[in-house]
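Number of protein chains: 2
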Amino acid sequence: MRDLSAGAGLLSINTATVRKQADLLGIVDACARHGIGAISPWRDQVAAVGLDRAARMIRDAGLKLSGYCRGGLFPATGQHVVQARDDNRRAVDEAATLGAPCLILVAGGLPQFARPGSTPSKDLLAARQAIEEGLAELLAYARQARLPLALEPLHPMYAADRAAVNTLAQALDLADRLDPGGSALGVAVDVYHVWWDPELYAGIARAGRARILAYHVSDWLVPTKDLLNDRGMMGDGVIELQRIRMAVEAAGFDGFIEAEIFSERWWAEPIETVQATCVERHRTVV
Amino acid sequence: MRDLSAGAGLLSINTATVRKQADLLGIVDACARHGIGAISPWRDQVAAVGLDRAARMIRDAGLKLSGYCRGGLFPATGQHVVQARDDNRRAVDEAATLGAPCLILVAGGLPQFARPGSTPSKDLLAARQAIEEGLAELLAYARQARLPLALEPLHPMYAADRAAVNTLAQALDLADRLDPGGSALGVAVDVYHVWWDPELYAGIARAGRARILAYHVSDWLVPTKDLLNDRGMMGDGVIELQRIRMAVEAAGFDGFIEAEIFSERWWAEPIETVQATCVERHRTVV
Numbered sequence: 001m002r003d004l005s006a007g008a009g010l011l012s013i014n015t016a017t018v019r020k021q022a023d024l025l026g027i028v029d030a031c032a033r034h035g036i037g038a039i040s041p042w043r044d045q046v047a048a049v050g051l052d053r054a055a056r057m058i059r060d061a062g063l064k065l066s067g068y069c070r071g072g073l074f075p076a077t078g079q080h081v082v083q084a085r086d087d088n089r090r091a092v093d094e095a096a097t098l099g100a101p102c103l104i105l106v107a108g109g110l111p112q113f114a115r116p117g118s119t120p121s122k123d124l125l126a127a128r129q130a131i132e133e134g135l136a137e138l139l140a141y142a143r144q145a146r147l148p149l150a151l152e153p154l155h156p157m158y159a160a161d162r163a164a165v166n167t168l169a170q171a172l173d174l175a176d177r178l179d180p181g182g183s184a185l186g187v188a189v190d191v192y193h194v195w196w197d198p199e200l201y202a203g204i205a206r207a208g209r210a211r212i213l214a215y216h217v218s219d220w221l222v223p224t225k226d227l228l229n230d231r232g233m234m235g236d237g238v239i240e241l242q243r244i245r246m247a248v249e250a251a252g253f254d255g256f257i258e259a260e261i262f263s264e265r266w267w268a269e270p271i272e273t274v275q276a277t278c279v280e281r282h283r284t285v286v
Numbered sequence: 287m288r289d290l291s292a293g294a295g296l297l298s299i300n301t302a303t304v305r306k307q308a309d310l311l312g313i314v315d316a317c318a319r320h321g322i323g324a325i326s327p328w329r330d331q332v333a334a335v336g337l338d339r340a341a342r343m344i345r346d347a348g349l350k351l352s353g354y355c356r357g358g359l360f361p362a363t364g365q366h367v368v369q370a371r372d373d374n375r376r377a378v379d380e381a382a383t384l385g386a387p388c389l390i391l392v393a394g395g396l397p398q399f400a401r402p403g404s405t406p407s408k409d410l411l412a413a414r415q416a417i418e419e420g421l422a423e424l425l426a427y428a429r430q431a432r433l434p435l436a437l438e439p440l441h442p443m444y445a446a447d448r449a450a451v452n453t454l455a456q457a458l459d460l461a462d463r464l465d466p467g468g469s470a471l472g473v474a475v476d477v478y479h480v481w482w483d484p485e486l487y488a489g490i491a492r493a494g495r496a497r498i499l500a501y502h503v504s505d506w507l508v509p510t511k512d513l514l515n516d517r518g519m520m521g522d523g524v525i526e527l528q529r530i531r532m533a534v535e536a537a538g539f540d541g542f543i544e545a546e547i548f549s550e551r552w553w554a555e556p557i558e559t560v561q562a563t564c565v566e567r568h569r570t571v572v
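Protein chains in written order, with the numbering used here: chain A, 1 to 286; chain B, 287 to 572.
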């Protein structure tokens, strides 16, 4: 298990963590000041400052990338199918331009939520089939761009509206079917989504170094007041962060540890406070 | 698949669904008026009117029981271990007195939430071990009382504070270890908790008639505004109720279909409205 106590070199900040405090330029500046090793930017935050400018400012600040957020949202009907395909291909291209190690994929839930305007359905099994088909198609494109895809299983409470891929085993089954023995399609392990899973440690071991393309941390608060924007700062909740990181590193993962915290509470703090707290928690409890 | 369109004879009302509108007497009366076949009472609602009186009023109204809510909450430390054991034994005795077909068990999460006052811990694996040990001990008692136990896996969003048994497979693994080949320990399948599970249909088939002791319905709303008390009325959400019921009945389940809706929205309606709506949805969308 790696020693994180010395500094923030292995810490990455997912830019959504401070999306309400600053634009991408401000976030990059703050990360550099705090000695943070990497960032994982969101597409809308990159678009707001311009792709080439974003790539340059990140490089000039000496920051690495731990991922690019995000593509996916596959279930769709009618014209939305083609729009989703084209949109996902652009995401791959942007990730390649930025030099990201992978594109994070959120699978999407039922079509009316994944791609609004699509024909409503309650057929979860059909949504999962659409995810597999969309993923297969995008994978062919991403292979050509030599850009790995990291499918992120989301917590089951998001199954309807955000992602119908809800366990690590399910994501790994998809990876094994679409990319047998390969490393073009892997997974993003986010503790917030998977900490509860009775099969978590078996899944991490099964995934191994080849499939674990990203590792995200935050914490589960009790009580959780909002399904979407009440994630905890690392250490403030009940997730056994060190136990999970030990398993992930034992499986061979040696990348950045990315803090991704969607939280009204932390969005209300100054960016300096959030980043300093992420660094301190990274060094002591992650 | 059974035809529910004719009436409410196969419908059971979980008494928590209308807990804010009436006491158990009022709920029993309303169920009888609506031709509802059964109820599943909660311990506190039974205690409020007295156990023997509750048993008599249910019998006199011609209602059956589909379960008794609830025992479990096993993880505990210190004096709370013995208190939990004794409390669970009383629940078994009460269920037997009422003539309930099973006692519903909610496993409990981390000890500080399962049994407040217990020593706080984040060790989810230890909580699961405590659940298995508590369950084994209670099972010995329940066997003597000839009272089946129905372990209910809860949605993963409750893993920390309510139940660290979160999938049907996990509950069935416990049943197979503690009650191999038997029917003293089974499961309660509640669509709200399991609808998202990629292994749901495999789990239902595996459970079969011997293990499925109860079947609960409600619906998953999008958006869900509260983790605890924003369940939907059947048909108002995204759960494929008929597909799941078809699987449960194909596995051999032939018991009551129990409506269990924790909802501030429905608690604000008159009991007549709630029960009439449950009956109508039972006949048309369940």
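Here a beta-carbon is modelled for each residue, glycine too, at the ideal position from N, C-alpha and C.
Bear in mind that the values here come from a model prediction, so they are computed numbers and not experimental data.
With 16 other CB atoms within 10 Å as the buried threshold, where does Glu133(A) fall?
Reading the first sequence from its first residue, position 133 is the one you call residue 133(A). Glu133(A) is exposed by the Cβ-count criterion.
Check each residue of the region 372-405 of chain B: if its Cβ is closer than 7 angstroms to any Cβ of chain A, include it; give the result in chain order.
Answer set for the region 372-405 of chain B: Leu396, Phe399.
Is the shortest distance between the beta-carbon of Leu410(B) and the beta-carbons of chain A less than 8 angstroms?
Position 124 of the second sequence, counted from the start, is the residue given in the question as residue 410(B). Interface residue, yes.
Kindly confirm or deny that the region 300-312 of chain B and the region 548-567 of chain B touch, where touching means at least three C-beta pairs closer than 8 angstroms.
yes
How long is the line joining the alpha carbons of Trp552(B) and Ala446(B), rounded to whole angstroms?
Reading the second sequence from its first residue, position 266 is the one you call residue 552(B). Reading the second sequence from its first residue, position 160 is the one you call residue 446(B). Going from the Cα of Trp552(B) to the Cα of Ala446(B) covers about 26 angstroms.
Would you mind giving the Cβ-Cβ distance between Thr261(A) and Arg231(A), rounded to the nearest angstrom? I have them listed as a contact below 8 angstroms.
The sequence position of residue 261(A) within the first sequence is 261, counting from 1. The sequence position of residue 231(A) within the first sequence is 231, counting from 1. Residue identity differs from the one stated: residue 261(A) is Ile in this sequence, not Thr. The Cβ separation is near 5 angstroms, so the contact holds.
Quick check: the region 225-245 of chain A against the region 119-132 of chain A, are there 3 or more CB pairs under 8 angstroms?
Output reads no: the region 119-132 of chain A does not touch the region 225-245 of chain A.
Boundaries of the alpha helix (DSSP H) in which Ala370(B) is found, first to last residue
The residue you call residue 370(B) lines up with position 84 of the second sequence. Here the alpha helix (DSSP H) through Ala370(B) covers 365-384.
For the region 426-445 of chain B, list every residue whose C-beta sits within 7 angstroms of some C-beta in chain A, in sequence order.
His441, Pro442, Met443, Ala445
On the three-state DSSP scale, how would you describe Trp328(B)?
If you number the second sequence from 1, residue 328(B) lands on position 42. Correct three-state label for Trp328(B): strand.
DSSP puts Asp516(B) in a beta bridge; with which residues?
Position 230 of the second sequence, counted from the first residue, corresponds to residue 516(B). Per DSSP, Ser549(B).
Below 8 angstroms, how does it come out for the region 321-334 of chain B and the region 290-300 of chain B: are there three or more Cβ pairs, yes or no?
Yes, the region 321-334 of chain B is in contact with the region 290-300 of chain B.
Who are the near neighbours of Gly521(B) in its chain, counting only those whose CB is closer than 7 angstroms to its CB and skipping five residues on each side?
On the second sequence, position 235 is the one that residue 521(B) refers to. So the list reads Asp505, Arg567, Val571, once near-sequence residues are dropped.
Does any residue of chain B have a CB that is nearer than 8 angstroms to the CB of Thr167(A)?
Here residue 167(A) corresponds to residue number 167 of the first sequence, with the count starting at 1. Chain B, which has a Cβ nearer than 8 angstroms to the Cβ of Thr167(A), makes this yes.
What is the DSSP secondary structure of His155(A), counted as helix, strand or coil?
Residue numbering aside, residue 155(A) sits at position 155 when the first sequence is read from its first letter. DSSP places His155(A) in coil when its eight states are reduced to three.
Under 8 angstroms between C-beta atoms, does Thr77(A) make it to chain B?
Reading the first sequence from its first residue, position 77 is the one you call residue 77(A). No, its Cβ sits nowhere closer than 8 angstroms to a Cβ of chain B.
8 angstroms is my cut-off, CB to CB: does Val286(A) come that close to chain B?
On the first sequence, residue 286(A) is found 286 positions in, with the first residue counted as 1. No - not a single Cβ of chain B is within 8 angstroms of the one on Val286(A).
If you draw a straight line from the C-alpha of Asp338(B) to the C-alpha of Asp330(B), how long is it?
Mapped onto the second sequence, residue 338(B) falls at position 52. Mapped onto the second sequence, residue 330(B) falls at position 44. The alpha-carbon atoms of Asp338(B) and Asp330(B) are separated by roughly 14 angstroms.
So is Ser5(A) buried or exposed if we call it buried at 16+ other beta carbons inside 10 Å?
Against the first sequence, residue 5(A) aligns to sequence position 5. Exposed, by the Cβ-count rule.
Between Arg90(A), Gly108(A), Arg89(A), which has its C-alpha nearest Pro75(A)'s C-alpha?
Taking the first residue of the first sequence as 1, we reach residue 75(A) at position 75. When each option's Cα is compared against that of Pro75(A), the closest is Gly108(A).
Output needed in chain order: residues of the region 176-201 of chain A with a Cβ under 7 angstroms from some Cβ in chain B.
Residues of the region 176-201 of chain A whose Cβ lies closer than 7 angstroms to any Cβ of chain B, in chain order: Trp196, Pro198.
Residues in its own chain within less than 8 angstroms of Ala184(A) by CB, not counting five upstream and five downstream?
Indexing the first sequence from 1 puts residue 184(A) at position 184. Here the set comprises Leu139, Ala142, Arg143, Pro148, Leu149.
Ile299(B) - DSSP class collapsed to helix/strand/coil:
Here the question's residue 299(B) lines up with position 13 in the second sequence. The answer is strand: DSSP assigns Ile299(B) an E or B state.
Between Gln456(B) and chain A, is the shortest Cβ-Cβ distance under 8 angstroms, so that the two count as touching?
Residue mapping note: residue 456(B) aligns to position 170 of the second sequence, counting from 1. By this cut-off, Gln456(B) is an interface position.
Which whole-angstrom value describes the C-beta separation of Asn166(A) and Pro484(B), a residue pair presumed to lie in contact below a C-beta threshold of 8 angstroms?
Here residue 166(A) refers to the residue found at position 166 when the first sequence is read from its first residue. Here residue 484(B) refers to the residue found at position 198 when the second sequence is read from its first residue. About 7 angstroms; that satisfies the 8 angstroms criterion.
Neighbouring residues, chain B, relative to Thr224(A) (Cβ below 8 angstroms):
Reading the first sequence from its first residue, position 224 is the one you call residue 224(A). Within chain B, the residues near Thr224(A) are Met443, Leu513.
Nearest CA to the CA of Gly7(A): which residue from Ala268(A), Glu264(A), Ile257(A)?
On the first sequence, position 7 is the one that residue 7(A) refers to. The residue with the shortest Cα to Cα distance from Gly7(A) is Ile257(A).
Give me the DSSP bridge partner(s) of Ile344(B).
For the purposes of this step, residue 344(B) is identified with residue 58 of the second sequence, where counting begins at 1. DSSP output for Ile344(B) lists no bridge partner at all.
Helix, strand or coil at His502(B) [DSSP, three-state]
Numbered from its first residue, the second sequence carries residue 502(B) at position 216. In the structure shown, His502(B) sits in a strand (DSSP, three-state: E or B).
Quick one, which of Ala163(A), Gly203(A), Tyr192(A), Trp195(A) has its alpha-carbon nearest Asp176(A)'s?
Here residue 176(A) refers to the residue found at position 176 of the first sequence. Comparing Cα-Cα distances from Asp176(A) to each of Ala163(A), Gly203(A), Tyr192(A), Trp195(A), the minimum goes to Gly203(A).
Apply the 10 Å Cβ neighbour rule to Lys122(A) and answer buried if 16 or more other Cβ atoms are within range, or exposed otherwise.
Reading the first sequence from its first residue, position 122 is the one you call residue 122(A). Result: buried.
Mark Gln170(A) as exposed unless 16 or more other C-beta atoms lie within 10 angstroms of its C-beta, in which case mark it buried.
Position 170 of the first sequence holds residue 170(A). Gln170(A) is classed as buried because its beta carbon has at least 16 other beta carbons within 10 Å across all chains shown.
If contacts are defined as beta-carbon pairs under 8 angstroms, then Glu423(B) and Arg371(B) qualify, I think. What distance do you get, rounded to the angstrom?
Residue numbering aside, residue 423(B) sits at position 137 when the second sequence is read from its first letter. Residue numbering aside, residue 371(B) sits at position 85 when the second sequence is read from its first letter. Correct: roughly 6 angstroms between the Cβ atoms.
Go ahead and label Met157(A) buried or exposed: buried means 16 or more other beta carbons lie within 10 angstroms of its beta carbon, across all protein chains shown.
Locating residue 157(A) in the first sequence gives position 157, counting from the first residue. Met157(A) comes out buried.
At a cut-off of 7 angstroms, is Arg162(A) close to the ligand ADP when judged by its beta-carbon and the heavy atoms of the ligand?
Judged by which ligands are present, the structure shown has none, so any question about the ligand ADP falls away.
Taking the alpha carbon of Ala47(A) as the reference point, which residue from Asp60(A), Thr97(A), Gln79(A) has its own alpha carbon closest?
Counting from one through the first sequence, the residue named residue 47(A) turns up at place 47. The shortest Cα separation from Ala47(A) among Asp60(A), Thr97(A), Gln79(A) belongs to Thr97(A).
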